[in-house]
Amino acid sequence: METKAFSEVLIHWYQTKKRDLPWRKTKDPYKIWLSEVILQQTRVAQGSPYYEKFVENYPTVKDLANADEQEVLRLWQGLGYYSRARNMYATAKIVVNDFDGIFPNNFEGLLKLKGIGPYTAAAIASFAFDEKVAVVDGNVFRVLARVFGIETDISSHEAKSVFSKLANELISTESPSTYNQAIMEFGAIHCTPANPDCMFCVFAESCIANAKGMQAILPIKSKKVKVRNRFFDYFVIEQNGNFLMHQRPEGDIWTGLNDFYLVENEEKLSELDEINDDFLQETLTKAIIKGHSENIKHMLTHQRIEARFWHIVLNEKVSAPAGYAFYSLDEVELLPKPILIEKYLKSFWFSSKK
Ligand code: SF4
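With the sequence shown counted from 1, adding 1 to any position gets you this note's numbering.
Printed below as a string of structure tokens:
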């Protein structure tokens, strides 16, 4: 298929089928960047309310940079992949401190910002400044692989350059912004991973995958990521109606979010006396064990967590270990927390005990 014909057909499709999304109405690079960060690995329906909340609470990059990090994480709660929120916050500070609060107005300049990769830089450069630089993400891999019958493995090293080269040949010279929006939208709502609507597709006659019945095969992705199983025993340690929590350190999931005292086990959840943890064993001699929750399963992209929550009520004063503090239930509610902790609290505390 000719490159010009491809982009014209695609843009025409977009103009008639596109969804009305709030970030499509702005040329403000800050808001475009916010939407792109929020929508990474998140569906539009889930991400939209977060976009609205962030724009309302932090209308400019300066507002975001001057916010409290815990407040930002609290607002992000429920979206997952919290490193995105922390990186976004760090990038906002860089834009304010090093660039006087003004985003660079081109692809190369944007790429120099820590936390902005080629995809996001291309999205901002084209949407905000109409620069002719193609976005390449999962949607683009899929659409191009199918329409042009590209069998390059998208998890291979050369995939990025193969698809980038083609995408930059296809991008419209007159309207790079609309072209980029169009291909992403087409991949998101029409040429979808599982059920592409080939019957009513504008590329039905020219698409190689459709002609050869290769929709389920393309794009080719060979590497399977191994899922790690983890087993958590959480200790909800209560002292005079306050609960022991801490902010999770760097180096693992949920950095910067708050959770209870955690003991992680190698294989399956152990009985309490098998747990090798000095603070906990000492604490248990001064406490009543009220019971534990059922096992709660929680899936992350590459991790399967099975957690159990023990409710422990202290009958003697215990000093909080380093990094921990006791919080009232109202304070606990306000802290940014992983969704697993939120689920537990909603089931066992906020609904029944308040
Ligand atoms: S014909 Fe099917 S596979 Fe090809 S672009 Fe259209 S929806 Fe995608």
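Cβ coordinates follow ideal geometry from the N, Cα and C atoms, glycine included.
Note that the structure is predicted; figures quoted are calculated from it, not measured.
Which residues mark the beginning and the end of the beta strand (DSSP E) in which residue i is found?
i	result
Glu265	262-266
Asn98	Run containing Asn98: none in the beta strand (DSSP E); it sits in the alpha helix (DSSP H), 83-100.
Met300	297-300
Met246	243-248
Val333	Counting along the chain, Val333 falls outside any beta strand (DSSP E), though it belongs to the alpha helix (DSSP H) covering 330-335.
Arg309	304-315
Asp234	229-240
Ile289	288-293
If we call anything under 7 Å between Cβ atoms a contact, is residue i one with residue j?
i	j	result
Phe55	Leu35	yes
Ile103	Gly150	no
Glu265	Phe233	yes
Pro194	Gln216	no
Ser294	Arg309	yes
Asp154	Ser207	no
Tyr328	Phe244	yes
Val137	Ala160	no
Gly118	Asn88	no
His303	Val228	yes
Asn259	Leu336	yes
Ala93	Ala66	yes
Pro50	Arg143	no
Asn181	Cys199	no
Ile172	Lys133	yes
Ile33	Ala129	yes
Val73	Ala86	yes
Pro339	Trp255	yes
Glu186	Tyr15	yes
Tyr82	Gln47	no
Pro60	Asp131	no
Gly140	Ala189	Note that residue 140 is Asn in the sequence shown, not Gly. In this structure, Ala189 lies closer than 7 Å to Asn140 by Cβ.
Round the Cβ separation of residue i and residue j to the nearest angstrom and send it over; I've been treating them as touching at under 8 Å.
i	j	result
Val314	Ile289	5 Å
Phe108	Ala122	5 Å
Val62	Val96	5 Å
Lys298	Glu307	6 Å
Phe204	Val10	7 Å
Phe351	Glu334	7 Å
Gly252	Glu70	No, Gly252 and Glu70 are not in contact; Cβ-Cβ is about 17 Å, not under 8 Å.
Ile393	Thr286	The requested residue 393 does not occur in the structure, where the chain is confined to residues 2 to 355.
Cys192	Arg147	6 Å
Leu80	Asn58	Going by Cβ atoms, the distance from Leu80 to Asn58 rounds to 14 Å, so no, they are not a contact pair.
Note the first and the last residue of the continuous alpha helix (DSSP H) segment covering residue i.
i	result
His13	4-18
Arg147	139-149
Asp279	279-285
Glu72	70-77
Leu341	340-346
Asn58	45-58
Gly214	Segment: none, Gly214 is in no alpha helix (DSSP H) and carries neither H nor E.
Gly110	108-112
Thr179	177-190
Glu152	Careful: Glu152 lies outside any alpha helix (DSSP H) and carries neither H nor E.
Leu273	Element bounds for Leu273: n/a, residue is neither H nor E.
Pro119	119-130
Glu251	Glu251 -> no alpha helix (DSSP H), and no H or E assigned at all.
Val134	From DSSP, Val134 is part of no alpha helix (DSSP H); its letter is neither H nor E.
Lys318	Note, Lys318: premise wrong, no alpha helix (DSSP H); not H, not E.
Trp34	30-40
Val226	No alpha helix (DSSP H) contains Val226, which DSSP labels as neither H nor E.
Asp409	This structure does not reach residue 409, given that the chain is present from 2 up to 355, and the question cannot be answered.
Arg207	Note on identity: in this sequence residue 207 is Ser, with Arg being the wrong assignment. It is not in any alpha helix (DSSP H) - Ser207 carries neither H nor E in the DSSP assignment.
Glu170	160-171
For residue i, would you say it is in contact with chain C, using Cβ-to-Cβ distances shorter than 7 Å as the test?
i	result
Gln304	Considering every chain present, this structure includes no chain C. It has just one protein chain.
Margin query: Tell me whether the stretch 25-45 and the stretch 2-17 touch, counting them as touching only if at least three CB pairs, one residue from each stretch, are closer than 8 Å.
Written below: no
Notebook entry, point to check: Among all residues, which have a Cβ less than 7 Å from at least one non-hydrogen atom of ligand 1, and in what chain order do they fall?
Noted result: Val144, Arg147, Val148, His191, Cys192, Pro197, Asp198, Cys199, Cys202, Phe204, Ala205, Cys208, Ala210, Asn211, Gln216
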